[in-house]
Amino acid sequence: GRHPLLICTSSTFVQLRQCFCCSTILAARVLALLLTLSVAVCDSEASSLLNTQTPTMSEGELTKPGVVGGWYLEINNQWKGQAMGIKVKETLFEGKSDYQDVAVYETETYGKMMTLDGVIQSTQRDEFSYHEMIAHLPLFSHPNPEHICVIGGGDGGVLREVMKHPSVKSAVLCDIDAVVIEQSKVHLKHLSIGFEDPRSEVICGDGFEFLKGKTAAYDVIIVDSSDPDGPAGALFGAEFYKMVNSALKPGGVTCSQGECMWLHLPLIKSMQVCCKEIFGSVDYAYTCIPTYPSGQIGFMLCGKEGGKEWAPPLRKPTPDQQAAFQYYSAEMHAAAFVLPEFARRELRP
624 GRHPLLICTS STFVQLRQCF CCSTILAARV LALLLTLSVA VCDSEASSLL
674 NTQTPTMSEG ELTKPGVVGG WYLEINNQWK GQAMGIKVKE TLFEGKSDYQ
724 DVAVYETETY GKMMTLDGVI QSTQRDEFSY HEMIAHLPLF SHPNPEHICV
774 IGGGDGGVLR EVMKHPSVKS AVLCDIDAVV IEQSKVHLKH LSIGFEDPRS
824 EVICGDGFEF LKGKTAAYDV IIVDSSDPDG PAGALFGAEF YKMVNSALKP
874 GGVTCSQGEC MWLHLPLIKS MQVCCKEIFG SVDYAYTCIP TYPSGQIGFM
924 LCGKEGGKEW APPLRKPTPD QQAAFQYYSA EMHAAAFVLP EFARRELRP
């Protein structure tokens with residue numbers, strides 16, 4: 624056309640004017656050449672910029688969890704071939720307990736985050752989807768939960784949710800790691816608030832040993848364990864589940880952290896088979912949570928007696944309870960038991 628065309632190279636504008644006497648074909652060739660040069664210069668400058676701003680990471684740094692170049696990388700053989708990265712603003716605590724590595728970070732977009740042995744346990748942004756579901760799925764499946772036991776859960780998130788039920792008269796939490804409990808009280812006050820409730824009791828000890836010999840003691844037992852590759856390994860076996868069943872009162876229910884269907888379906892199936900030999904009713908539900916592996920984690924729910932229907936819930940939240948929830952509802956309770964077909968075929972053939 625008759626108007627000047629501006630073409631941007633790196634930082635210089637080249638003005639090309641097409642005169643009436645210029646060849647249209649020549650102008651087109653000049654334009655194509657300038658565009659090619661512009662792309663080449665921009666690519667070169669972008670590459671230079673990336674090389675100066677991206678941290679160099681060794682092969683060793685990319686095969687273990689930790690903070691690299693300002694990012695916390697969760698890398699673990701339990702979910703091979705994938706990793707999670709969270710931008711870190713500040714390290715609040717790093718230490719080693721008698722059982723595991725413990726760390727707390729202030730992150731860029733997920734608030735405070737706790738990791739155990741390099742595995743993300745909770746972040747302030749999404750923890751409620753896990754803590755609400757592992758607590759309220761069993762609690763709203765019981766007609767009148769009064770006496771509650773939490774095994775694990777040293778950060779306090781499950782206990783916080785338990786205390787939202789007015790029917791609860793007592794709740795005891797037993798976690799093996801004092802450092803987790805202490806650091807949660809210091810840095811994760813949004814979780815550890817349940818420790819302050821006068822109905823609660825916190826015991827630092829082995830949950831396996833704690834339940835030994837207990838009979839008909841609790842209405843609901845919640846097992847908020849870490850993954851089986853670590854100090855929580857004993858909480859995934861038949862002997863432990865038999866103790867849980869014995870410790871439940873008639874009509875009692877239990878809920879355990881049930882792993883990820885995308886990564887651990889064979890393990891979930893083996894847990895289910897094991898539990899069906901011990902409890903009268905068994906089923907699997909799940910929740911979505913961005914910072915857990917593959918964005919999903921499940922729950923193994925078991926009832927002492929047979930014939931139990933898990934959905935819809937036995938009771939619905941009061942208006943005051945519902946106002947305090949960010950994830951759980953009666954509708955979400957029912958939806959949690961609706962499995963995708965690949966999981967349903969394995970767990971409910």
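Under our numbering, the first residue of the sequence shown carries the number 624, and numbering increases by one thereafter. Here a beta-carbon is modelled for each residue, glycine too, at the ideal position from N, C-alpha and C.
For the alpha helix (DSSP H) containing residue i, name the first residue and the last one.
{"i": "residue 889", "result": "888-899"}
{"i": "residue 906", "result": "First-last for residue 906: 904-911, but that is the beta strand (DSSP E), not the alpha helix (DSSP H)."}
{"i": "residue 950", "result": "Run containing residue 950: none; DSSP gives neither H nor E here."}
{"i": "residue 864", "result": "861-870"}
{"i": "residue 964", "result": "964-970"}
{"i": "residue 804", "result": "801-810"}
Is the distance from the Cβ of residue i to the Cβ of residue j below 7 Å?
{"i": "residue 777", "j": "residue 740", "result": "no"}
{"i": "residue 883", "j": "residue 936", "result": "no"}
{"i": "residue 757", "j": "residue 965", "result": "no"}
{"i": "residue 830", "j": "residue 901", "result": "no"}
{"i": "residue 802", "j": "residue 824", "result": "no"}
{"i": "residue 944", "j": "residue 787", "result": "yes"}
{"i": "residue 976", "j": "residue 897", "result": "Residue 976 cannot be examined here, being either before or after the span of the chain that is shown, 624 to 972."}
{"i": "residue 764", "j": "residue 933", "result": "yes"}
{"i": "residue 811", "j": "residue 710", "result": "no"}
{"i": "residue 848", "j": "residue 880", "result": "yes"}
{"i": "residue 699", "j": "residue 742", "result": "yes"}
{"i": "residue 752", "j": "residue 779", "result": "no"}
{"i": "residue 754", "j": "residue 784", "result": "yes"}
{"i": "residue 762", "j": "residue 690", "result": "no"}
{"i": "residue 770", "j": "residue 951", "result": "no"}
With a 10 Å radius around its C-beta and 16 neighbouring C-beta atoms as the bar for buried, classify residue i as buried or exposed.
{"i": "residue 958", "result": "exposed"}
{"i": "residue 927", "result": "buried"}
{"i": "residue 738", "result": "buried"}
{"i": "residue 826", "result": "exposed"}
{"i": "residue 714", "result": "exposed"}
{"i": "residue 864", "result": "buried"}
{"i": "residue 705", "result": "exposed"}
{"i": "residue 877", "result": "buried"}
{"i": "residue 730", "result": "buried"}
{"i": "residue 793", "result": "exposed"}
{"i": "residue 963", "result": "exposed"}
{"i": "residue 744", "result": "buried"}
{"i": "residue 949", "result": "exposed"}
{"i": "residue 643", "result": "Low confidence applies here, because residue 643 scores a pLDDT of 34, under 50, leaving its location unreliable and the question unanswered by this model."}
{"i": "residue 967", "result": "exposed"}
{"i": "residue 970", "result": "buried"}
{"i": "residue 893", "result": "exposed"}
{"i": "residue 913", "result": "exposed"}
{"i": "residue 875", "result": "buried"}
{"i": "residue 798", "result": "buried"}
{"i": "residue 725", "result": "buried"}
{"i": "residue 697", "result": "buried"}
{"i": "residue 645", "result": "For residue 645, the pLDDT reaches just 40, beneath the cut-off of 50, and the residue's location in the model is therefore unreliable, although a value from the coordinates is still provided. Result: exposed."}
{"i": "residue 749", "result": "buried"}
{"i": "residue 846", "result": "buried"}
{"i": "residue 766", "result": "exposed"}
{"i": "residue 688", "result": "buried"}
{"i": "residue 768", "result": "buried"}
{"i": "residue 910", "result": "buried"}
Would you give the residue range spanned by the beta strand (DSSP E) that residue i belongs to?
{"i": "residue 622", "result": "The shown model of the chain, from 624 to 972, leaves out residue 622, and the question about it has no answer."}
{"i": "residue 735", "result": "735-739"}
{"i": "residue 976", "result": "In this structure the chain extends from 624 to 972, so residue 976 is not present and cannot be described."}
{"i": "residue 832", "result": "Looking at the DSSP string, residue 832 is not in any beta strand (DSSP E); the run it does join, the alpha helix (DSSP H), is 830-834."}
{"i": "residue 1043", "result": "Here the chain covers residues 624 to 972 and nothing more, so residue 1043 does not appear."}
{"i": "residue 794", "result": "793-798"}
{"i": "residue 823", "result": "823-827"}
{"i": "residue 843", "result": "841-847"}
{"i": "residue 689", "result": "689-691"}
List the whole-angstrom C-beta distance separating residue i from residue j, where the pair is believed to meet the contact cut-off of C-beta under 8 Å.
{"i": "residue 817", "j": "residue 782", "result": "3 Å"}
{"i": "residue 942", "j": "residue 953", "result": "12 Å between Cβ atoms; not a contact."}
{"i": "residue 702", "j": "residue 924", "result": "Not quite, the Cβ-Cβ distance comes to about 24 Å (not below 8 Å), so this is no contact."}
{"i": "residue 870", "j": "residue 841", "result": "6 Å"}
{"i": "residue 723", "j": "residue 733", "result": "In fact, because the Cβ distance is near 21 Å, the residues do not count as touching under 8 Å."}
Chain B beta carbons: is any one of them nearer than 7 Å to that of residue i?
{"i": "residue 765", "result": "The chain labelled as chain B is not found in the depicted structure, where only one protein chain is given."}
Which runs of the alpha helix (DSSP H) at least 4 residues long sit entirely within the segment 745-779? Give them in chain order. List check, alpha helix (DSSP H) in window: 750-762.
Would you list, in sequence order, the uninterrupted beta strand (DSSP E) runs of no fewer than 3 residues that lie entirely inside the segment 697-723? You should have 707-719.
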